[in-house]
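Residue numbers (UniProt numbering): 1 to 410.
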């Protein structure tokens, strides 16, 4: 159990002495939760959290005038695509004015990694699928997704392609390498869209998009309101995690490349078992590591029963090397395998599930009012995460953003 709480004007911290007696553990043991991983956020345009400023109501209204439209209707991007016409067309142009995320320093290195990478041929992809199936051979996967939801997911996929083709002079030849959407630093290709269909593996670009989206439309709000510092919570992109795992002496070689991990309270790291830096998507399994530097604790979330334990341990060791001080050495760093991690029901849902777990636990970390009285709960007891609903959420989000951009250009 983590001992992290939130205190106004101080942020995330571990209470000491008698103050710690105020807080109680919050396991949600009796509460059955069914979620797509993203529905626990506050997606409204209301302030995410308020602190008594000592100003009267009129003064507060004056103070907020400059930002009153910053997130106007942005929340609706995540909803089902049918409501997109109700959203103001200038929302994305407003979003572009947001400050650059904490991965700004890593952008150049990230692009270098991607430039060196190669796309897998169809033959290689088929071979890779066999490898993934071999890794999962000890598990009996006989689960089929809800037919109506698969149909909904496929409909979203087709609508995205139709809109893209119409906005590009009825482009006929849309290949896997055709770029469908640019979302800040993330380029979404047709291949990435296909990965979001039922029973397909997510690649690093899919997860990077989800992390970027959460950072822009959830974390950024708390940064702007100065409720948490921009480096309190870091969603490290998969390419940066891989770079960290495979760079000798990271404390020396990656300073100024990675975000300032030493300033973070919580770090989310998607872990892949890929051992070939030049082959995008060649890994066979995703897991998630969350590090609480305040607790000196690393938690491993694996949807395939410890399949990535070695890779996770290697990354955690590299993080400790990178931090490179007495406060964060292996002897005083606790590793926990989260046993109640939801398990995938097929051989391909690891990527979407670890993204959904990231969203779900991030929403708990951002529930600041709750954390004034309870310790941060990163357990997943009685949490049921629907992978097909997660895929629908992400596909629908991409569709909405594409429609926004189309309106902006009209």
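Yeah, the Cβ is synthetic: ideal placement off N, Cα and C, and Gly gets one too.
Predicted, not measured: the structure shown is a model, and the values here were computed from it.
Suppose contacts are defined by Cβ-Cβ distances below 8 Å. Is residue i in contact with residue j by that definition?
{"i": "residue 212", "j": "residue 186", "result": "yes"}
{"i": "residue 180", "j": "residue 166", "result": "no"}
{"i": "residue 150", "j": "residue 388", "result": "yes"}
{"i": "residue 347", "j": "residue 37", "result": "no"}
{"i": "residue 412", "j": "residue 335", "result": "Absent from the structure is residue 412, since the part of the chain shown begins at 1 and ends at 410."}
{"i": "residue 342", "j": "residue 376", "result": "no"}
{"i": "residue 357", "j": "residue 156", "result": "no"}
{"i": "residue 49", "j": "residue 368", "result": "yes"}
{"i": "residue 295", "j": "residue 3", "result": "yes"}
{"i": "residue 174", "j": "residue 161", "result": "yes"}
{"i": "residue 292", "j": "residue 269", "result": "no"}
{"i": "residue 332", "j": "residue 298", "result": "no"}
{"i": "residue 207", "j": "residue 238", "result": "yes"}
If distances are taken between C-alpha atoms only, which option among the options comes closest to residue i?
{"i": "residue 6", "options": "401, 364, 391", "result": "364"}
{"i": "residue 313", "options": "322, 304, 300", "result": "300"}
{"i": "residue 345", "options": "198, 148, 157", "result": "198"}
{"i": "residue 401", "options": "210, 148, 169, 14", "result": "210"}
{"i": "residue 475", "options": "264, 24, 1", "result": "Within the shown structure, residues of the chain are numbered from 1 to 410, placing residue 475 beyond reach of any answer."}
{"i": "residue 354", "options": "289, 18, 243", "result": "289"}
{"i": "residue 403", "options": "42, 1, 183", "result": "183"}
{"i": "residue 243", "options": "396, 1, 204, 410", "result": "204"}
{"i": "residue 159", "options": "409, 410, 398", "result": "398"}
{"i": "residue 226", "options": "256, 169, 310, 366", "result": "366"}
{"i": "residue 193", "options": "409, 340, 408, 396", "result": "396"}
{"i": "residue 200", "options": "310, 145, 349", "result": "349"}
{"i": "residue 340", "options": "385, 234, 372, 9", "result": "385"}
{"i": "residue 1", "options": "143, 14, 178", "result": "14"}
Spatial neighbours of residue i within its chain, please: C-beta separation below 8 Å, excluding the five flanking residues on both sides.
{"i": "residue 100", "result": "At residue 100, the pLDDT of 33 sits below 50, so the modelled position is not reliable; the number obtained from the coordinates is stated separately. The answer is none, since no qualifying residue turns up."}
{"i": "residue 146", "result": "388"}
Kindly indicate which three-state DSSP category residue i falls into: helix, strand or coil?
{"i": "residue 44", "result": "coil"}
{"i": "residue 270", "result": "strand"}
{"i": "residue 154", "result": "helix"}
{"i": "residue 167", "result": "coil"}
{"i": "residue 376", "result": "coil"}
{"i": "residue 399", "result": "helix"}
{"i": "residue 179", "result": "strand"}
{"i": "residue 353", "result": "helix"}
{"i": "residue 348", "result": "coil"}
{"i": "residue 173", "result": "coil"}
{"i": "residue 162", "result": "helix"}
{"i": "residue 384", "result": "strand"}
{"i": "residue 53", "result": "With a pLDDT of 40 at residue 53, under the threshold of 50, the predicted position of this residue should be treated as unreliable, and no value is reported."}
{"i": "residue 194", "result": "helix"}
{"i": "residue 5", "result": "strand"}
{"i": "residue 336", "result": "strand"}
{"i": "residue 145", "result": "coil"}
Leaving out five residues before and five after residue i in sequence, what residues of the same chain have Cβ atoms less than 7 Å from its Cβ?
{"i": "residue 308", "result": "271, 273, 285, 287, 302"}
{"i": "residue 11", "result": "228, 229, 232"}
{"i": "residue 321", "result": "250, 251"}
{"i": "residue 245", "result": "314, 315, 318"}
{"i": "residue 253", "result": "247"}
{"i": "residue 394", "result": "196, 210"}
{"i": "residue 31", "result": "382"}
{"i": "residue 26", "result": "374, 375, 377"}
{"i": "residue 223", "result": "230"}
{"i": "residue 305", "result": "343"}
{"i": "residue 283", "result": "272, 273, 274"}
{"i": "residue 359", "result": "37, 38, 214"}
Spatial neighbours of residue i within its chain, please: CB distance less than 6 Å, with the 5 preceding and 5 following residues excluded, ordered by chain position.
{"i": "residue 202", "result": "195, 351, 352"}
{"i": "residue 164", "result": "180"}
{"i": "residue 406", "result": "167"}
{"i": "residue 218", "result": "41"}
{"i": "residue 221", "result": "48"}
{"i": "residue 129", "result": "Confidence is the limiting factor: at residue 129 the pLDDT is only 49, short of 50, which leaves the residue's position unreliable, though a coordinate-based value still follows. Around residue 129: no qualifying Cβ."}
{"i": "residue 311", "result": "271, 273"}
{"i": "residue 410", "result": "none"}
{"i": "residue 148", "result": "none"}
### Continuous alpha helix (DSSP H) assignments of at least 4 residues falling wholly in the stretch 274 to 324
309 to 323
### Query
For the stretch 11 to 36, which segments carrying the beta strand (DSSP E) assignment without a break, of at least 3 residues, lie completely within its bounds, in sequence order?
11 to 13, 33 to 35
### Query
For the stretch 202 to 276, which segments carrying the beta strand (DSSP E) assignment without a break, of at least 3 residues, lie completely within its bounds, in sequence order?
233 to 235, 266 to 272
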